[in-house]
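Scroll down for the structure; my scribbles are underneath it.
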Amino acid sequence: EPEVTQTPSHQVTQMGQEVILRCVPISNHLYFYWYRQILGQKVEFLVSFYNNEISEKSEIFDDQFSVERPDGSNFTLKIRSTKLEDSAMYFCASSVGTSGRNEQFFGPGTRLTVL
Amino acid sequence: AQKVTQAQTEISVVEKEDVTLDCVYETRDTTYYLFWYKQPPSGELVFLIRRNSFDEQNEISGRYSWNFQKSTSSFNFTITASQVVDSAVYFCALSPYPGGGADGLTFGKGTHLIIQP
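Chains as they are written, first to last, in this note's numbering: chain A, 10 to 124; chain B, 10 to 126.
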């Protein structure tokens, strides 16, 4: 069964460093998402991406963040100059579309720890 | 604005008991979709169900059942004869679109369910 994959599973970085979180969405999916879950809290929407551009973004997704689909398979989230409060689990998700029976499939997450 | 409230932070029951997880939502949309996801200790999010606002029929899938009541804006989840493997955090979510839409899903804070042997 096709699945969304994410690498690395755990990333530790120093405050102020840049990190890139990688996701490989399901191959025929067209919509891609990043969500964040601070430890013990709810899952929060960050950004959606369609047709090589951002569709929507939340207030959390400020200039520190950027997304990219560098090739036909990867979807990346870059965090510039990480802060302590960026420590969280980051989930990638994808869907075929936003209508019909197309639910979002989530990846296993990347746990980011900022020291 | 959309909001999902899961008032139960943590529930602990003994195996084989039935347990209900509550979910109350707020939305101004006339058409919307409700979801439940399971997050086991390993951390991934597992899709359980999606229900649209026009379908108020209760749904049963094995030991899982869902009770959608539009009048009280609730979409509760019941596990019958709970098992230790059901231990997880369960999230209720809401979206105007079946696939989550460009704005993504709005999640509740989750309910940590502990099933004791």
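Ideal Cβ placement from N, Cα and C applies to all residues, glycine included.
Of the choices B/38, B/86, B/48, B/50, whose alpha-carbon is the least far from that of residue 133 of chain B? With chain B represented from 10 up to 126, any question about residue 133 of chain B goes unanswered, as that position is not in the structure.
For residue 47 of chain B, the three-state DSSP class (helix, strand or coil): strand
Of the residues A/88, A/96, A/54, which one's Cα is nearest the Cα of residue 115 of chain A? A/54
Within chain B, the residues that residue 117 of chain A reaches when beta carbons sit closer than 8 angstroms: 51, 52, 53
Tell me whether residue 26 of chain B is buried or exposed, calling it buried when 16 or more other Cβ atoms sit within 10 Å of its Cβ. exposed
Relative to the C-alpha of residue 106 of chain A, which candidate in B/15, B/113, B/14, B/124 has its C-alpha closest? B/113
Our contact map puts residue 15 of chain A next to residue 81 of chain A with C-beta atoms below 8 angstroms; I'd like the distance itself, whole angstroms only. With 8 angstroms as the limit, residue 15 of chain A and residue 81 of chain A do not qualify as a contact, their Cβ atoms being about 17 angstroms apart.
Keeping to the same chain, check which residues put their C-beta closer than 7 angstroms to that of residue 21 of chain B; ignore five residues upstream and five downstream. 123, 125
Specify, as a first and last residue, the run of the beta strand (DSSP E) that residue 32 of chain A falls within. 28 to 33
C-alpha gap between residue 48 of chain B and residue 97 of chain A, whole angstroms: 15 angstroms
In whole angstroms, what separates the C-alpha of residue 63 of chain A from that of residue 30 of chain A? 17 angstroms
Classify residue 94 of chain A as helix, strand or coil using the three-state DSSP reduction. helix
Boundaries (first-last residue) of the beta strand (DSSP E) holding residue 60 of chain B: 55 to 61
Would you grab the beta carbon distance between residue 46 of chain B and residue 100 of chain B for me? Rounded to a whole angstrom, and I think it's under 8 angstroms. 5 angstroms
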